[in-house]
Amino acid sequence: MKSTLVRQDSDKLADVVVRGMQEKKALDVVVLNLKELKNAVADYFIICSASSDTQIDAIARSVEEEVEKLTGQSPWQTEGRTNREWVLLDYVDVVVHVFLRDRRQFYALEELWGDAEIRYVEEETVPTR
Numbered sequence: 001m002k003s004t005l006v007r008q009d010s011d012k013l014a015d016v017v018v019r020g021m022q023e024k025k026a027l028d029v030v031v032l033n034l035k036e037l038k039n040a041v042a043d044y045f046i047i048c049s050a051s052s053d054t055q056i057d058a059i060a061r062s063v064e065e066e067v068e069k070l071t072g073q074s075p076w077q078t079e080g081r082t083n084r085e086w087v088l089l090d091y092v093d094v095v096v097h098v099f100l101r102d103r104r105q106f107y108a109l110e111e112l113w114g115d116a117e118i119r120y121v122e123e124e125t126v127p128t129r
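Here the sequence shown is numbered in UniProt numbering, starting from 1 and rising by one per residue.
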């Protein structure tokens, strides 16, 4: 029973992370579902791109704020804030990666976890008036 609750919690957390990314116009958001993979380090990897180091920081802070507000959780560990090319937020069951575009292409995490179920998140469009 506990594993079912954990999975539901990680599903909810993944949705909240995506919402936080979208708040700051993250690009190319991808959700890798690792639940069914043997030896996976988390339930989800959520990856997005940013067009500048300033946007990386804004996206990471937005994710942290949304997760804190809606779930009360803080990241277990955070990496990459000083070099601002790739920020990692580790929520244990959900690992968040915010990349500069060229760094994302270089590391190609989607290819490393090619067996994962991949969901491409549509960019939200703002209605015109």
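Think of the CB as a built atom: it goes at the ideal place given N, C-alpha and C, for glycine as much as any other residue.
Within the region 12-99, the complete alpha helix (DSSP H) segments of 4 residues or longer fall at 53-71, listed in chain order. When V121, V94, M21 and E111 are compared, the shortest CA-CA separation from F45 is found for V94. For R119, the beta-bridge partners assigned by DSSP are V31. The Cβ atoms of Q105 and L88 do not sit closer than 9 Å to each other. Counting of Cβ neighbours within 10 angstroms places Y120 among the exposed residues, the total staying below 16.
Contact between the region 25-39 and the region 66-75 is not established, with fewer than three Cβ pairs separated by less than 8 Å. In terms of Cβ geometry, R84 and I59 do not form a close pair [threshold 9 Å]. Pairing I47 with V29 gives a Cβ-Cβ distance under 9 Å.
Counting the other CB atoms within 10 Å of its CB gives V67 a total of 16 or more, which places it among the buried residues.
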